[in-house]
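Residue numbers for the sequence shown follow the working numbering, beginning at 16 and rising by one. Beta carbons: idealized from backbone N, C-alpha and C, even for Gly.
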Amino acid sequence: MRVGVDLVEVAAFQARFDGRDDLLAHTFSATELAYCRAQPHPWRHLAARFAAREAALKALGTGLAAAGSWRDIEVTRDPAGAPGLVFHGGMAGALARAGFERSTVSLSHTATHAIAVVVLFRA
Ligand SMILES: CC(C)(COP(=O)(O)OP(=O)(O)OC[C@H]1O[C@@H](n2cnc3c(N)ncnc32)[C@H](O)[C@@H]1OP(=O)(O)O)[C@@H](O)C(=O)NCCC(=O)NCCS
């Protein structure tokens, strides 16, 4: 298995994405955007989902160029609110080529920072 972690400063993330609906739609799924926008502090949740993408790339061990686009990594939620990962397109292909079959993710955020840890499993 391989682990990746990423820490995102919420204000810096917001400064980069605020008002950029094109960039947000290019990075997150419609489901992720709808969930985050419905929360009292959307940017914390979005920053955590961006951290999950960076953490997944670290666990995979390649940069984004080799793994498709940001939209190829999606954070899901189960009925209890626990996050999961779904991979699409280039990222799904890169993971399969590297032999990874399962993943797990954990998110946490405060007013200032969001963090994600991703573990990829080969079997
Ligand atoms: C889930 C919980 C640990 C979150 O902790 P917190 O200190 O309030 O908040 P954090 O910033 O550290 O974590 C928030 C993240 O925890 C994750 N989370 C939420 N519920 C979770 C769960 N059941 N299991 C694992 N992770 C969970 C989410 O990814 C959430 O971020 P998101 O809303 O952006 O997706 C806490 O609210 C708790 O213990 N809740 C009850 C647990 C539970 O099982 N509830 C089930 C209800 S059916």
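Let me know the secondary structure DSSP gives F65 once reduced to three states.
-> Within the sequence shown, residue 65 is the residue found at index 50, counting from 1. Helix.
Exposed or buried, which one is V18 when buried takes at least 16 other CB atoms within 10 Å?
-> Residue numbering aside, residue 18 sits at position 3 when the sequence shown is read from its first letter. Classification of V18: exposed, given that the 10 Å Cβ count is below 16.
Identify, in the order they occur along the chain, each residue of the same chain with its Cβ nearer than 6 Å to the Cβ of G83, setting aside the five sequence neighbours on each side.
-> Reading the sequence shown from its first residue, position 68 is the one you call residue 83. Answer for G83: G104, G105 and M106, listed in chain order.
Which runs of the alpha helix (DSSP H) fall wholly inside the region 29-102 and span at least 4 residues, in chain order?
-> 36-42, 45-52 and 57-75
Per-residue burial, S118 [other beta carbons within 10 Å of its own, 16 or more giving buried] | As a position in the sequence shown, residue 118 is number 103, starting the count at 1. Burial call: buried.
Examine ligand 1 and report whether any of its heavy atoms sits within less than 8 Å of the Cβ of T125.
-> On the sequence shown, position 110 is the one that residue 125 refers to. True, at least one ligand heavy atom lies under 8 Å from that Cβ.
Pull up the CB-CB distance for R64 and V90, whole angstroms please, since I reckon it's below 8 Å.
-> Within the sequence shown, the letter at position 49 stands for residue 64. Within the sequence shown, the letter at position 75 stands for residue 90. Indeed, because the Cβ distance is near 5 Å, the residues count as touching under 8 Å.
Taking the alpha carbon of P57 as the point to measure from, which residue in A138, V133, T127 and V132 has its own alpha carbon closest?
-> Position 42 of the sequence shown, counting from 1, holds the residue named residue 57. Answer by Cα proximity: T127.
Within 10 angstroms of its Cβ, does H124 collect 16 or more other Cβ (buried), or is it exposed?
-> By 1-based counting over the sequence shown, the position of residue 124 is 109. The residue is buried, with at least 16 neighbouring Cβ atoms inside 10 Å.
Flag H60 as yes when its Cβ comes closer than 8 Å to any non-hydrogen atom of ligand 1, and as no otherwise.
-> Reading the sequence shown from its first residue, position 45 is the one you call residue 60. Result yes, Cβ under 8 Å from ligand 1.
Taking C-alpha atoms, which residue in R137, A129 and F136 lies nearest to A27?
-> In the sequence shown, counting from the first residue as 1, residue 27 sits at position 12. In terms of Cα proximity to A27, the closest of R137, A129 and F136 is A129.
Thinking C-beta only, is V120 closer than 9 Å to P94?
-> Here residue 94 corresponds to residue number 79 of the sequence shown, with the count starting at 1. Here residue 120 corresponds to residue number 105 of the sequence shown, with the count starting at 1. No, Cβ-Cβ distance for P94 and V120 is not below 9 Å.
How big is the Cα-Cα spacing for R137 and L110?
-> Sequence index remark: in the sequence shown, residue 137 carries index 122 (1-based). Sequence index remark: in the sequence shown, residue 110 carries index 95 (1-based). Going from the Cα of R137 to the Cα of L110 covers about 9 Å.
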